[in-house]
Structures are given as structure tokens and as C-alpha cells.
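**Q**
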Amino acid sequence: MLHTIDKVSGYKLAATDGEIGKVQDFYFDDTHWTIRYLVADTGNWLTGRRVLLSPYALVDVNEEEETIGVDLTKQQIEESPSLEEGQPLSRKYEESYYGYYGWPMYWTGVYPWGSSPMLVRDPAQWKDPAHPSKESWDPNLRSTDEITGYDIQASDGEIGHVEDFVIDDTTWTIRYMIVDTKNWLPGKKVLISPQWINKVSWDESKVYVNMPRATVENAPEYDEDTLITRDYEEELYQHYDMDGYWVEGQADTKHPRYR
21 MLHTIDKVSG YKLAATDGEI GKVQDFYFDD THWTIRYLVA DTGNWLTGRR VLLSPYALVD
81 VNEEEETIGV DLTKQQIEES PSLEEGQPLS RKYEESYYGY YGWPMYWTGV YPWGSSPMLV
141 RDPAQWKDPA HPSKESWDPN LRSTDEITGY DIQASDGEIG HVEDFVIDDT TWTIRYMIVD
201 TKNWLPGKKV LISPQWINKV SWDESKVYVN MPRATVENAP EYDEDTLITR DYEEELYQHY
261 DMDGYWVEGQ ADTKHPRYR
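Going by the working numbering, the first residue of the sequence shown is number 21, and it counts up by one from there.
#1: Expressed to the nearest angstrom, what Euclidean distance is found between the alpha-carbon atoms of T308 and E254?
#2: Are the segment 216-224 and the segment 83-103 in contact at 8 angstroms, needing three or more beta carbon pairs?
#3: Looking only at C-alpha atoms, which of W146, S135, W192 and H259 sits nearest to V210?
#4: Under a three-way DSSP split, which group does A234 fall into?
#5: Tell me whether A239 sits in a helix, a strand or coil according to DSSP, three-state version.
#6: On the CB-based measure, 16 or more other CB atoms within 10 Å of its CB, does A144 come out buried or exposed?
#7: For a test of the three-state rule: what should DSSP assign to L256, helix, strand or coil?
#8: Alpha carbon to alpha carbon, how far is W192 from N238? Give it in angstroms, no decimals.
#9: Apart from the five residues on each side of it in sequence, which residues of its chain come closer than 6 angstroms, Cβ to Cβ, to S29?
#10: Considering Cα atoms alone, identify which of S175, I187 and P132 is closest to M231.
#11: Whose C-beta lies closer than 7 angstroms to the C-beta of A150 among residues of the same chain, with five residues either side of it excluded?
#12: In three-state DSSP terms, what is S163?
#13: Quick check on E114: does DSSP put it in helix, strand or coil?
#14: Give a yes or no on contact between the segment 119-132 and the segment 60-69, applying the rule of three or more CB pairs nearer than 8 angstroms.
#15: Is the beta carbon of S213 closer than 7 angstroms to that of Y196?
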């Protein structure tokens, strides 16, 4: 199911033995645009440290109850490797984090989840190698909160800015950026898939798309009060003359590297 970051921010996090806090932010990698960690606001419970939850621990998103289920106990989370506030999220920390929980490391293969294009929850199906292979990759993690507000640059001028993100809670992939074009097309919002992005310049705080402004102007409008249906997505992908991510062979393995 698809959700916006803005909507799930503030959702309660329900561990197996009680509430642990609320959704604060998400970290994603800039290669596959896949969510790597949910950042939890634990209030006064674990002060002075960032609590990160991998999608391996996230079992369901309940919009009615505004909760996200976490398949961990409070003790497991409390005893997990500590990442102090202000401390960088390093590869050394990630290795200790994944080692602590016993999950496959996502960077040990060409796919978004290491040896698999999809998130595999069954330990019997894990094929994570003991050591990174030559096909492993070095992810750069970005905050969705950080990128909100970035300008969107078409081939012939700016078209708006990043307002929000749409995530898929099955694959934990970022499916779309929500672009607010109010400085150009008052009142219109559109969706841009990471597949259509040419590059992201972190230094300029700008996202480049390889299409003219007119293509975006004529794109199907996004209505935040309406569910994103497959019919809408098919219309959207047809407009951009792209194959849908749900089409066989178009899985999340073709995103370019961004700089």
C-alpha cells in the first residue's frame, strides 16, 4: 500500500510489548531509493540517542489506528547498538546494527535488498553472503526531511519543489516525490518517480529531471485527498511514456547512481 511521509509522520510505533514512540523521519539510500531506517522519536524513554528501525522490523502500517507495528521487544531496541545524537551513521555502525539483529545486510549485492530485489522476511530464504561480493555497493543515506523543499529542475527551467514522498510499505521503496508547482502552476501538484530523475545535486539542493516543463504541466494532477489507484498510476506512466514499476522486469534495480 502507498502512504505519504507527511501522513505517517507522528504515527505511534507499537513494539510487541508496548508503545515505543512515534515516527519522526526516514533514511533512504540514493541508489535504489529504498527506505533503510525509520527514525523513532522515543520521547523520554531513550533520550540522547537516535533509535533506528529497519523495514525488517516493520510489520504493518495501520492507517485507521495511525500505528506502525514493530516486531521487536522494547528490551531488544534498548540493547541495540547505540547511535548518539549528532553521531554520523557510518558503515561500522550499520554492520554492528545488522549483526545485532541478525538481518541480511542490504548492500551485499546488486539488488535493493542485497541478494534479493524484494524485502524477504523469512530467515530460511536469506542468502546474504558472509562477506560483501564484488557486486556490493556503498550506499549514501539521505533524510526525507532533509530533501523536502529541494527545487525540481526540468530541462528548460524550474518546475517547483519537493513537498513530500510516497512510499510503498510492501517493498519500502520511495515510489514518488510529490512536487508542488505553485510558483509556476498555481494549485497543481504532480508526482515524479525516482526512475525519471536524471540526477540529484545535494550541493545545490536540487533535483534534475530529464523532461521539459510542458511534459510536467500536462501530467495527471495529484490530489492529496484521493487514493493513488493503479488506474491513476497507469495513466501517469503512460503520460511519461515509461513502463510501470509493477511490470515484470521493471523492479527497483534500474535506478541510476545520484550525486
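Yeah, the Cβ is synthetic: ideal placement off N, Cα and C, and Gly gets one too.
**A** If we stick to the structure as given:
#1: Residue coverage of the chain in this structure runs from 21 to 279, which leaves residue 308 outside it and unanswerable.
#2: no
#3: Of the residues W146, S135, W192 and H259, the one whose Cα lies closest to the Cα of V210 is H259.
#4: helix
#5: coil
#6: That one is exposed.
#7: If DSSP states are grouped into helix, strand and coil, L256 belongs with the helices.
#8: Each residue's alpha carbon lies about 29 angstroms from the other.
#9: V43
#10: S175
#11: At A150 the pLDDT is 49, less than 50, meaning the model places this residue with poor confidence; the figure from the coordinates comes in the next sentence. No residues qualify anywhere along the chain.
#12: strand
#13: helix
#14: With a cut-off of 8 angstroms, the segment 60-69 and the segment 119-132 do not count as touching, because too few Cβ pairs lie within range.
#15: yes
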